[in-house]
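With the first letter of the sequence shown counted as 1, position 6 gets the number 5 in numbering that gives the first Met the number 0; the numbers rise by one all the way through.
The beta carbon of each residue, even a glycine, is placed where N, CA and C say it ideally should be.
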Amino acid sequence: MNFFIVLNARRIRQMAFLTAAVLLSLAVVWVERDNLSVFAPHPPAAVYSVPTDRKVVALTFDISWGDKRAAPIMDILENKGVKNVTFFLSSPWSKTHPELVKRMVDAGYEIGSHGHKHDNYSSYGEEEIRKQISTAHGMLTELTGKAPNLIRMPNGDFDKRVLRVANDLGYKVIQWDTDSLDWKNPGVDTIVRRVVDKAHPGDIILLHASDSCKQTHEALPIIIDQLRAQGYDFVTVGQLLGQTETRNKTVEDRSAWNRLT
Numbered sequence: 000m001n002f003f004i005v006l007n008a009r010r011i012r013q014m015a016f017l018t019a020a021v022l023l024s025l026a027v028v029w030v031e032r033d034n035l036s037v038f039a040p041h042p043p044a045a046v047y048s049v050p051t052d053r054k055v056v057a058l059t060f061d062i063s064w065g066d067k068r069a070a071p072i073m074d075i076l077e078n079k080g081v082k083n084v085t086f087f088l089s090s091p092w093s094k095t096h097p098e099l100v101k102r103m104v105d106a107g108y109e110i111g112s113h114g115h116k117h118d119n120y121s122s123y124g125e126e127e128i129r130k131q132i133s134t135a136h137g138m139l140t141e142l143t144g145k146a147p148n149l150i151r152m153p154n155g156d157f158d159k160r161v162l163r164v165a166n167d168l169g170y171k172v173i174q175w176d177t178d179s180l181d182w183k184n185p186g187v188d189t190i191v192r193r194v195v196d197k198a199h200p201g202d203i204i205l206l207h208a209s210d211s212c213k214q215t216h217e218a219l220p221i222i223i224d225q226l227r228a229q230g231y232d233f234v235t236v237g238q239l240l241g242q243t244e245t246r247n248k249t250v251e252d253r254s255a256w257n258r259l260t
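Written out as structure tokens, the structure reads:
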């Protein structure tokens, strides 16, 4: 009988020790939960905006076809002195309009990928998703002399697989927080109101420079003037991503912001 009592006492001590260790570990995790979340791996996610107190917005233009809108839009940007914008270019359009791509590069505009086929990549298998992004990557790198690392998926369509493949290929998927809906051609005033009324610090604004968008070039100078009147500066998406926010304190990549001056 004594033998069993000794064994039970030993087991009780072991269980008590294990319980204490588990409770201590849980306490450490609870106390350090904010720090742990900073370093824990996160699944790839699309970027819609970037938290910041600075009054900056990113004007972005998608182009997938046509040759009538891109040049007038660049004329307006030049005339208004807006040097920091991001163009998302489909590779077939870029290949057939190298002179317009060169003008963007020479002006210092940021170039992102808009994929190869203008289709919903979430309907593809992973190998085809990889092929579409990689094909566009090769063409844009050759035409611009710089490998892009930002991509806006055609139609803004993606799923977890698309995000994962894009991330594996070194891309950040960029969406938007303010949609001008300029592709609907709803009228210049409507486009202006949608952008100016919805804009906020760290906003990514969606516009288009394809031929189907017939009113964007008319709305753009008004948008620029009104946003400036509200105190906004214009940055590229890359510059916007140059800062992060943790524990409600903005941590800036100074080199990115210095390029604004």
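Annotated as distal: Pro200 and Lys94, with beta-carbon spacing of 8 Å or more. Taking C-beta atoms under 8 Å as the contact rule, Tyr120 and Pro97 fail to qualify, at a distance of about 25 Å. Taking 8 Å as the cut-off, the Cβ atoms of Thr59 and Trp175 count as close. For Asp66, there is no enclosing alpha helix (DSSP H), since its DSSP letter is neither H nor E.
The three-state reading of DSSP puts Lys101 in helix, counting H, G and I together.
Here the alpha carbons of Asp61 and Asp74 stand approximately 17 Å from one another. For His216, the enclosing alpha helix (DSSP H) begins and ends at 215-228.
At least 8 Å separates the beta-carbon of Ala198 from that of Val104.
With contacts defined as CB atoms closer than 8 Å, Ser179 and Leu149 fail to qualify as a contacting pair. If the five residues before and after Val191 are omitted, its C-beta is found closer than 6 Å to the C-beta atoms of Ala218, Ile221, Ile222, all from its own chain and listed in chain order. DSSP places Ile203 in the uninterrupted beta strand (DSSP E) bounded by 202-207.
In terms of CA proximity to His117, Pro91 leads the group Pro91, Val194, Leu99. As DSSP reads the structure, Gly107 sits in no beta bridge. Counted as a single uninterrupted DSSP element, the stretch harbouring Thr235 is not any alpha helix (DSSP H), since DSSP gives it neither H nor E.
The beta-carbon separation of Ile72 and Leu88, rounded to 13 Å, does not stay under the 8 Å limit for a contact.
Closest in alpha carbon position to Val236, among Glu125, His136, Ile173, Ser209, is Ile173.
For the segment 116-146, the full-length alpha helix (DSSP H) segments reaching 4 residues or more read 125-143 along the chain.
Straight-line measurement puts the Cα of Arg151 at about 11 Å from the Cα of Ser63. Asp232 has its alpha-carbon roughly 9 Å from the corresponding atom of Asn83. Non-local C-beta neighbours of Leu139 in its own chain, meaning closer than 7 Å and more than five positions away in sequence, comprise Leu88, Ser90, Ser93, Ile110, Ser112, Pro147, ordered along the chain. The alpha carbon of Ala208 has as its nearest neighbour, out of Gly114, Asp66, Gly169, Gly230, the alpha carbon of Asp66. For Val81, the closest alpha carbon among the candidates Ile128, Leu99, Thr215, Tyr108 is that of Tyr108. Beta-bridge partners of Thr59 (DSSP): Thr85, Leu205.
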